[in-house]
Amino acid sequence: MTIDSFNAIKKIIGYAGLILSSAFAMFCMFFGSGNLIFPLGIGQKVTGAYSYGILGLSITGVILPFLGLIVTFLFQGSYQSFFKNFHRRLGILMPLIILSLMGPFAVMPRCITVAHGSFLLIAPETPIWLFSLVSCIVIFILCFDRGKIVPLLGSALTPVLLFSLGMIIYSGLMSASTIPIQSNSFTAFLTGVQDGYQMMDLLAAFFFSATVVSYLKTKLGNRNTSQQTKVRLIVLSLTLGAIFLAVVYAFLIYLGAAYSSSLATVSPESRLAFIAHQTLGQVAGPVVATAVGLACITTAIVLTSVVGDYYQKVLFQSKVSKSAVNALILIITFFISTLKFNGIAHYLSPILTFLYPGVIAMTLFSLGQKLFNWPYPRWIIALIFALTFVWMMLKH
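Every number in my numbering is 26 more than the matching position in the sequence shown, counting from 1.
Encoded structure:
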């Protein structure tokens, strides 16, 4: 083997490792509380038509977020520029709405409810208000030193979370019963699509893209790499991360279908813990469920800090201290978390139903504009928002 050949192989191995680590990072960023719960719920509802549920979820939970990552990358990782492309005021309004949903008004309370569902295996009588109160106090304290604690928790808990999830999926598949065939395939597909909205991954993609791209650019900064190669590596990393998500979602939907009769009476936030308890036993089940719960709390810590930074700088113009902003976020989170998972989903569903069609149109038209120089018909996007609103009013 010549030196040139050896260097070429070494470069390929280095790129492969970079792609894998970036894909892994993308997977971990997207895989939050809703991603643990909604696929199981889809499987439980669609039963024998689970393959159509997988297809539906793949569109709204994998393909659209992937396109969101790509389009934000094309806007140099700036979500403000993406939304300003439609209207300059949206550059402030949409990030505020989306971050509020990712923070105290939806995702953070959901994280606490899922963690509570896992904790019930250890202390079944613990009320949600008490668990949420303690969790919010712990999160508030840990946010003071997020720079040291979160990386430590993340590096320790992420592998444990993935291992625990793998154990639950494997043991669940080994113990699964015959799946009843009773669902309409088209209905199952629509269930997958609609429940995919609830995971909010397309909305999160606009904010996560900058992180993934920044990470890759930092890693590639010292290498003699052409711009074309950098773009190719970024696209490959995002594609592999999307495949990871799709595979895990498929397994979770299948598990939900296989245990559909048992899960029918189990609250959504407790379903994963229930399967862990059923398949791993009274000792391993709670341990695994606790790892999942801690991962959810870690996500809530990160979101508190991210949303707090945005609120302090944009909403309060740096006139309020970061601690006061974090306290406000966690007070809202506490009260909303007491609604439990179904209560949060009940008020969140119409908000996402209104937002998603227009945001999907913005994503697709922006891709066409950036990649193929297509026109960007703002009036069509405005019409989609208007028609969605009218349809929702008529429906109710």
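C-beta atoms are modelled at their ideal positions from N, C-alpha and C, and glycine is treated no differently.
Check whether the Cβ atoms of residue i and residue j lie closer than 8 Å to each other.
{"i": "valine 202", "j": "alanine 290", "result": "Per the sequence shown, the amino acid found at residue 202 is alanine instead of valine. Cβ atoms of alanine 202 and alanine 290: not closer than 8 Å."}
{"i": "tyrosine 275", "j": "leucine 95", "result": "no"}
{"i": "serine 299", "j": "leucine 146", "result": "One point to set straight first is that residue 299 is alanine, not serine, in the sequence displayed. Yes, the pair counts as a contact, with Cβ atoms nearer than the cut-off."}
{"i": "tyrosine 78", "j": "glycine 69", "result": "no"}
{"i": "alanine 23", "j": "glutamine 224", "result": "Absent from the structure is residue 23, since the part of the chain shown begins at 27 and ends at 422."}
{"i": "proline 376", "j": "methionine 418", "result": "yes"}
{"i": "leucine 264", "j": "methionine 52", "result": "yes"}
{"i": "leucine 271", "j": "leucine 90", "result": "no"}
{"i": "isoleucine 85", "j": "glycine 307", "result": "no"}
{"i": "leucine 393", "j": "leucine 93", "result": "yes"}
{"i": "serine 161", "j": "isoleucine 358", "result": "no"}
{"i": "serine 363", "j": "serine 197", "result": "no"}
{"i": "phenylalanine 56", "j": "alanine 230", "result": "yes"}
{"i": "isoleucine 148", "j": "threonine 305", "result": "no"}
{"i": "alanine 10", "j": "glycine 267", "result": "A query on residue 10 cannot be resolved here, the shown segment of the chain reaching from 27 to 422 and no further."}
Could you tell me the distance, in whole angstroms, from the CA atom of residue i to the CA atom of residue j?
{"i": "glycine 67", "j": "glycine 87", "result": "14 Å"}
{"i": "cysteine 54", "j": "glycine 334", "result": "21 Å"}
{"i": "valine 424", "j": "asparagine 111", "result": "Since the first and last residues shown for the chain are 27 and 422, residue 424 lies out of range."}
{"i": "valine 72", "j": "lysine 339", "result": "44 Å"}
{"i": "histidine 113", "j": "leucine 397", "result": "20 Å"}
{"i": "isoleucine 406", "j": "alanine 236", "result": "27 Å"}
{"i": "leucine 365", "j": "leucine 259", "result": "43 Å"}
{"i": "phenylalanine 380", "j": "phenylalanine 415", "result": "6 Å"}
{"i": "isoleucine 269", "j": "serine 47", "result": "14 Å"}
{"i": "valine 219", "j": "glycine 103", "result": "27 Å"}
{"i": "lysine 256", "j": "leucine 420", "result": "48 Å"}
{"i": "leucine 262", "j": "serine 286", "result": "36 Å"}
{"i": "isoleucine 410", "j": "phenylalanine 109", "result": "16 Å"}
{"i": "lysine 348", "j": "phenylalanine 361", "result": "20 Å"}
{"i": "alanine 408", "j": "valine 385", "result": "10 Å"}
{"i": "phenylalanine 32", "j": "leucine 44", "result": "Reliability of the predicted coordinates at phenylalanine 32 is poor, the pLDDT of 42 falling under 50, and no value is obtained from them."}
Among the options, which has the Cα closest to the Cα of residue i?
{"i": "methionine 200", "options": "Phe108, Leu229, Pro185, Leu281", "result": "Leu281"}
{"i": "isoleucine 205", "options": "Gln106, Ile279, Pro376, Gly369", "result": "Ile279"}
{"i": "phenylalanine 101", "options": "Phe233, Met128, Asp227", "result": "Phe233"}
{"i": "methionine 134", "options": "Thr316, Gly60, Leu262, Met120", "result": "Gly60"}
{"i": "serine 107", "options": "Leu381, Met388, Phe170", "result": "Met388"}
{"i": "leucine 62", "options": "Gly143, Pro121, Ala230, Ile123", "result": "Gly143"}
{"i": "phenylalanine 170", "options": "Thr330, Ser126, Leu125, Val257", "result": "Thr330"}
{"i": "alanine 132", "options": "Tyr337, Phe277, Leu374", "result": "Leu374"}
{"i": "leucine 320", "options": "Gly58, Asn210, Ser288", "result": "Gly58"}
{"i": "leucine 125", "options": "Ala49, Val273, Phe99, Leu341", "result": "Leu341"}
Does the ligand COA have a heavy atom nearer than 7 Å to the CB of residue i?
{"i": "aspartate 221", "result": "Here there are no bound small molecules, and the ligand COA is not part of this structure."}
**OP:** May I ask you to verify whether the stretch 286-295 touches the stretch 135-146, counting CB pairs closer than 8 Å and requiring at least 3?
**Re:** Three or more Cβ pairs closer than 8 Å define a contact, and the stretch 286-295 meets that threshold against the stretch 135-146.
Subject >> Residue ranges of each alpha helix (DSSP H) within the stretch 244-309, 4 or longer >> reply: If we require 4 residues or more, the alpha helix (DSSP H) runs fully inside the stretch 244-309 come out as 253-284, 286-289.
Original post:
Can at least three beta-carbon pairs, one atom from the stretch 335-355 and one from the stretch 147-158, be found at a separation below 8 Å?
Top reply: Under the Cβ criterion (8 Å, minimum of three pairs), the stretch 335-355 does not count as touching the stretch 147-158.
Original post:
Does the pairing of the stretch 186-195 with the stretch 156-167 give three or more beta-carbon distances under 8 Å?
Top reply: Taking a contact to require three or more Cβ pairs closer than 8 Å, the stretch 186-195 and the stretch 156-167 do not qualify as touching.
**OP:** Taking 8 Å as the threshold, find out whether the stretch 304-320 comes into contact with the stretch 113-127 through three or more Cβ pairs.
**Re:** Cβ pair count under 8 Å is below three, so no.
Original post:
If you scan the stretch 128-178 from start to end, which runs of the alpha helix (DSSP H) of 4 or more residues do you find wholly inside it?
Top reply: Runs of the alpha helix (DSSP H) lying entirely within the stretch 128-178, each at least 4 residues long, are 133-145, 154-168 in chain order.
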